[in-house]
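Engineer: Before anything else, here's the structure in question.
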Amino acid sequence: MHMSGQFRPSRRAMLKVGLAGAAGLAAPAILSTSPRAESGPIKIGMPVALTGPLGSVGQQTKRGAEFWAKLQNAKGGILGRPIELVIEDTAGNPANCVRKAQEMVERRDCRLITGITLSSEALAVVPKLTEWDSIFISGINGDGRLTADSFVPNFFRANISGPMGTRAVSLYLRKSNMTKFYGLGLDYAWGHNSIGVFEDEVKNGKKEFVGKIFAPTGTKDYSPYITKIRQSGADAVFLVMQGDDNNAFLSQAQQYRLPEKVKLLTEIVDLASIRAVGDASLGLIGSSRYSFTYDHPLNNEFVAAWKKEYNTYPDTFEGEQWQAMKVLEAGITKAGGIEAAKLRPALEDIEVESVKGKVFIRKCDHQGVQQGFMVEVKKKAGFETPVPEVIATFPGDQTTPDCNKMAYKD
Amino acid sequence: MKPLTTGIAGIALLAVLVLAPLGLPPFAMTLLTEAVILGLFAMSLDLMFGYTRLVSFGHAAAYGLGAYACGWLLLNTGMPMLFAVFAGALLTGIVGLGVGWMCTLATGVSFSMLTLAFAQLLYAISFKWTSVTGGSDGLAGIPRTVGPFGFAALSSKAGFYYFALACLVGGFLACRALVRSPFGAVLRGIRENEAKTTALGYNTRLYKIAVVAVAYGLGGLAGGLYAPFAGFANTELLFWLLSGQVLIMVIVGGAGTLVGPILGAAFFMLMEHQLSAWTEAWALYFGLIFIAFVLFAPEGIWGLATGLATGRFRPASERH
Numbered sequence: 030m031h032m033s034g035q036f037r038p039s040r041r042a043m044l045k046v047g048l049a050g051a052a053g054l055a056a057p058a059i060l061s062t063s064p065r066a067e068s069g070p071i072k073i074g075m076p077v078a079l080t081g082p083l084g085s086v087g088q089q090t091k092r093g094a095e096f097w098a099k100l101q102n103a104k105g106g107i108l109g110r111p112i113e114l115v116i117e118d119t120a121g122n123p124a125n126c127v128r129k130a131q132e133m134v135e136r137r138d139c140r141l142i143t144g145i146t147l148s149s150e151a152l153a154v155v156p157k158l159t160e161w162d163s164i165f166i167s168g169i170n171g172d173g174r175l176t177a178d179s180f181v182p183n184f185f186r187a188n189i190s191g192p193m194g195t196r197a198v199s200l201y202l203r204k205s206n207m208t209k210f211y212g213l214g215l216d217y218a219w220g221h222n223s224i225g226v227f228e229d230e231v232k233n234g235k236k237e238f239v240g241k242i243f244a245p246t247g248t249k250d251y252s253p254y255i256t257k258i259r260q261s262g263a264d265a266v267f268l269v270m271q272g273d274d275n276n277a278f279l280s281q282a283q284q285y286r287l288p289e290k291v292k293l294l295t296e297i298v299d300l301a302s303i304r305a306v307g308d309a310s311l312g313l314i315g316s317s318r319y320s321f322t323y324d325h326p327l328n329n330e331f332v333a334a335w336k337k338e339y340n341t342y343p344d345t346f347e348g349e350q351w352q353a354m355k356v357l358e359a360g361i362t363k364a365g366g367i368e369a370a371k372l373r374p375a376l377e378d379i380e381v382e383s384v385k386g387k388v389f390i391r392k393c394d395h396q397g398v399q400q401g402f403m404v405e406v407k408k409k410a411g412f413e414t415p416v417p418e419v420i421a422t423f424p425g426d427q428t429t430p431d432c433n434k435m436a437y438k439d
Numbered sequence: 304m305k306p307l308t309t310g311i312a313g314i315a316l317l318a319v320l321v322l323a324p325l326g327l328p329p330f331a332m333t334l335l336t337e338a339v340i341l342g343l344f345a346m347s348l349d350l351m352f353g354y355t356r357l358v359s360f361g362h363a364a365a366y367g368l369g370a371y372a373c374g375w376l377l378l379n380t381g382m383p384m385l386f387a388v389f390a391g392a393l394l395t396g397i398v399g400l401g402v403g404w405m406c407t408l409a410t411g412v413s414f415s416m417l418t419l420a421f422a423q424l425l426y427a428i429s430f431k432w433t434s435v436t437g438g439s440d441g442l443a444g445i446p447r448t449v450g451p452f453g454f455a456a457l458s459s460k461a462g463f464y465y466f467a468l469a470c471l472v473g474g475f476l477a478c479r480a481l482v483r484s485p486f487g488a489v490l491r492g493i494r495e496n497e498a499k500t501t502a503l504g505y506n507t508r509l510y511k512i513a514v515v516a517v518a519y520g521l522g523g524l525a526g527g528l529y530a531p532f533a534g535f536a537n538t539e540l541l542f543w544l545l546s547g548q549v550l551i552m553v554i555v556g557g558a559g560t561l562v563g564p565i566l567g568a569a570f571f572m573l574m575e576h577q578l579s580a581w582t583e584a585w586a587l588y589f590g591l592i593f594i595a596f597v598l599f600a601p602e603g604i605w606g607l608a609t610g611l612a613t614g615r616f617r618p619a620s621e622r623h
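Next up, the structure:
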């Protein structure tokens, strides 16, 4: 700071400084460009949140895609071209995600994107897809808007969306003898959105919605919330929680013996949180995006292969991402290439049989129509921790909303 | 250093930046544009931190506010981008007056804490005021509206880069004029010895409020550029993490030099981008680099570069 005034650098020295600065702005690696995408390896860009609060979810999508690529490359790739995954960490920050995705497209010549972790990241990326001439196939992004208000033609969703999960829960409840419901959600967009959809569904089903409450993320003490739920007189409480909050709530609910009085329902039953809280998750009922316990020949085959590779069962988002890769694989094979102009029509109205049964990518909003699952967390012989068991399934035409919609008519 | 040589170095750097779109591949252009925007942001903090020793832990407030304001205008009013960006900057500058008034009630660490508190307040608002800010998902799909006055060229990749570069150069010239003016002399007086400056008859608080407002306005300009550049604005832009990062950019680049923080911002962004491509533990390596700078090059990249150029580089241990 006090340097200015002391130094009298030569003109040549100052030019060096200027040039060094300019060189620093454009590191050599960034200057290189790669050959066009029509031949050579099929490059798939994955800007994933490998670190940060949702790092464990990102690690799952990474493994799901890597396992698929490994098996596929062992079979000679697709169309005789090897598959190359370009995976980088976004730390869950949309600004990083957009920058990484842009680099993957513009410098490393990826024309396919998948594995984005957070909905906020996906929502930031989709407006750019046309400019990038790239296809983004979602493996786990749940936000309803991606196939509604924010829908763009180069976006496809192979997974079950948030509204579809909530819908499966409400369809299940219509048949049950529970009549009064309460809602507990995390206090941000996803929580409010899902609790809102659930409230409407309960009222549509001619049942009673007795109240709702929202907890800030990072809440450690859930006892006041548990007291409120108890006092509401509800038969069941619908939870829209994830990560540490979900684990804290479930553990404390068990300590207060809440499940003996009030049934616990949840939007997503996730294997990771069952492992975290153990027996405190017993009796939890909810929709499931994927579970290794689904009884389907292709799933049994997948689970066996996964176990052989990793010596454990595939997790929720590993199975979801795997299904997305199978849809992508079928699309590329049908299109005979990966260029957006060819792949987009090939993916529209494509039907793929995978680990969850049939997935049909409808043309109107590129949502994967697939059956919805309700599971209950139970003890099962041969497993150390409780496992989700399927207690009901609903056909895709009942769980998928109308084209470009997030809500349901009936 | 001699004004002539600095001038020549500056013109050479500017020439490289102006000619960059001719030779760079598309992605490098994107990175360079983001570096230019972040450079403007870091330079705005340098006015407070480097020249007045007002350590702000909440400068993300300026960036985020500018981005949200500009993004909201572009999404909801159809205002052309050129005006929306400056409207965002103006609004942020006005808010900066209030922030300056409030935070300068305190000094030292208390000042820093108040700036942090204000930024966290905005962060909380951005989370809760869903109808305007989009809540935790932020504003997405922000367009580069051209408008009726024929600014179509600005919405292209190279055009937007030149727009951002013009803002950076304009901001730099304005800041340089400011710090060289009598006003700037008072700021340096506050930095070195506020009590003495007060004793000389200056109302230092008014000067501090003014510099906070200017820094916010320029930070808001950078944020306003970011919204149409990235096409979105979200709560991360108001988070304390970004406030910390911009402080690092200023320190690594060289505080109190205006040019240094611009280089620091480019360095920070490129390092973060490249390191996270190589390893998941990138934050660790970045931390080590930061520590190395503080220990061995406390005057930052700019100090290091000018020092090396004249062979007068000395590590911290050899200083008094």
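These protein sequence lines map, in sequence, to chains R and L.
Take 30 as the starting number for the first sequence in our numbering and just add one per residue.
Take 304 as the starting number for the second sequence in our numbering and just add one per residue.
Ideal Cβ placement from N, Cα and C applies to all residues, glycine included.
(1) Mind listing the chain R neighbours of Pro329/L? Cutoff is C-beta to C-beta under 7 Å, in chain order.
(2) Measure the alpha-carbon distance for Asp440/L versus Cys126/R and round it to whole angstroms.
(3) State yes or no: is the beta carbon of Glu495/L nearer than 7 Å to at least one beta carbon in chain R?
(4) Buried or exposed for Trp432/L, going by 16 or more other Cβ atoms inside 10 Å?
(5) Go ahead and pull the three-state DSSP assignment for Tyr211/R.
(6) Closest by CA to Leu357/R, which one among Ala151/R, Ile73/R, Gly234/R?
(7) Taking Cβ-Cβ distances below 7 Å as the criterion, which residues of the region 87-120 of chain R are in contact with chain L?
(8) Using only the alpha-carbon positions, how far apart do Lys99/R and Phe346/R sit?
(9) The beta strand (DSSP E) with Gly386/R in it runs from where to where?
(10) In chain order, what residues of the same chain have a beta carbon less than 8 Å from the beta carbon of Glu405/R, not counting five sequence neighbours either side?
(11) For the region 499-507 of chain L against the region 463-483 of chain L, are there 3 or more C-beta pairs whose distance is under 8 Å?
(12) What's the call for Lys157/R, buried or exposed, on a 16-neighbour Cβ count within 10 Å?
(13) Which full runs of the beta strand (DSSP E) of 3+ residues lie inside the region 218-301 of chain R, going along the chain?
(14) Name the DSSP bridge partner or partners of Gly315/R?
(15) How about Ala345/L and Gly567/L: do their beta carbons lie closer than 7 Å?
(16) With 7 Å as the threshold, decide whether the Cβ of Glu132/R is near any Cβ in chain L.
(17) To the nearest angstrom, report how far apart Thr410/L and Phe571/L are at their CA atoms.
(18) Can Gln350/R and Gly93/R be called in contact, C-beta distance under 7 Å?
(19) Could you tell me whether any Cβ in chain L is nearer than 7 Å to the Cβ of Leu152/R?
(20) 7 Å is my cut-off, CB to CB: does Ala369/R come that close to chain A?
(21) Can you give me the C-alpha to C-alpha distance between Leu476/L and Leu457/L, rounded to a whole angstrom?
(22) Output, in chain order, the set of chain L residues within a Cβ distance shorter than 8 Å of Lys72/R.
(23) Terminal residues of the continuous beta strand (DSSP E) containing Ala477/L?
(24) Just reading off the alpha helix (DSSP H) that Met382/L is part of, what are its end residues?
(25) Given this structure, state the Cα-to-Cα distance separating Arg203/R from Leu152/R, to the nearest angstrom.
(26) Between which two residues does the beta strand (DSSP E) containing Asp431/R stretch?
(27) At least one CB of chain R closer than 7 Å to the CB of Met542/L: is that the case?
(28) Along chain R, which residues have their Cβ under 7 Å away from the Cβ of Gly444/L?
(29) Mind reading off the beta-carbon distance from Tyr319/R to Gly360/R? Whole number of angstroms is fine, and I expect it under 8 Å.
(30) Is the separation between the beta-carbon of Phe330/L and that of Glu338/R shorter than 7 Å?
(31) Helix, strand or coil for Lys104/R per DSSP?
(32) At what residues does the alpha helix (DSSP H) containing Leu350/L begin and finish?
(33) Is Val269/R near Ile224/R, with beta carbons less than 7 Å apart?
(34) Comparing alpha-carbon positions, which option in Ser149/R, Pro182/R, Ser163/R lies nearest Ile169/R?
(35) Could one say the Cβ of Asp349/L lies closer than 7 Å to chain R's Cβ atoms, at least one of them?
(36) Within 7 Å of any Cβ in chain R, is that where the Cβ of Thr333/L sits?
Structural biologist: Taking the geometry as given:
(1) Glu135
(2) Each residue's alpha carbon lies about 14 Å from the other.
(3) no
(4) exposed
(5) Three-state result, Tyr211/R: strand.
(6) Measuring from the Cα of Leu357/R, the nearest candidate turns out to be Ile73/R.
(7) Glu117, Asp118
(8) 18 Å
(9) 386-390
(10) Gly312, Leu313, Ile314, Pro417, Glu418, Ile420
(11) no
(12) buried
(13) 237-244, 265-269, 292-295
(14) Thr295/R, Val404/R
(15) yes
(16) yes
(17) 29 Å
(18) Contact flag set, yes.
(19) yes
(20) Absent here is chain A; the protein component of the structure consists of chains R and L.
(21) If you draw a straight line from the Cα of Leu476/L to the Cα of Leu457/L, it is about 22 Å long.
(22) Simply none; closest approach about 14 Å.
(23) Where Ala477/L is concerned, there is no enclosing beta strand (DSSP E), although the alpha helix (DSSP H) it sits in stretches over 460-483.
(24) First-last for Met382/L: undefined, no H or E at that position.
(25) 33 Å
(26) Neither: Asp431/R is in no beta strand (DSSP E) and is coded neither H nor E.
(27) Correcting the residue identity first, residue 542/L is Phe in this sequence and not Met. So no, Phe542/L is outside the interface.
(28) Pro156, Ser179
(29) At roughly 20 Å, the Cβ-Cβ gap does not stay under 8 Å, so Tyr319/R and Gly360/R are not in contact.
(30) no
(31) coil
(32) 329-355
(33) yes
(34) That would be Ser149/R, whose Cα lies nearest to the Cα of Ile169/R.
(35) Taking Cβ atoms only, chain R never reaches closer than 7 Å to Asp349/L, which makes this a no.
(36) yes
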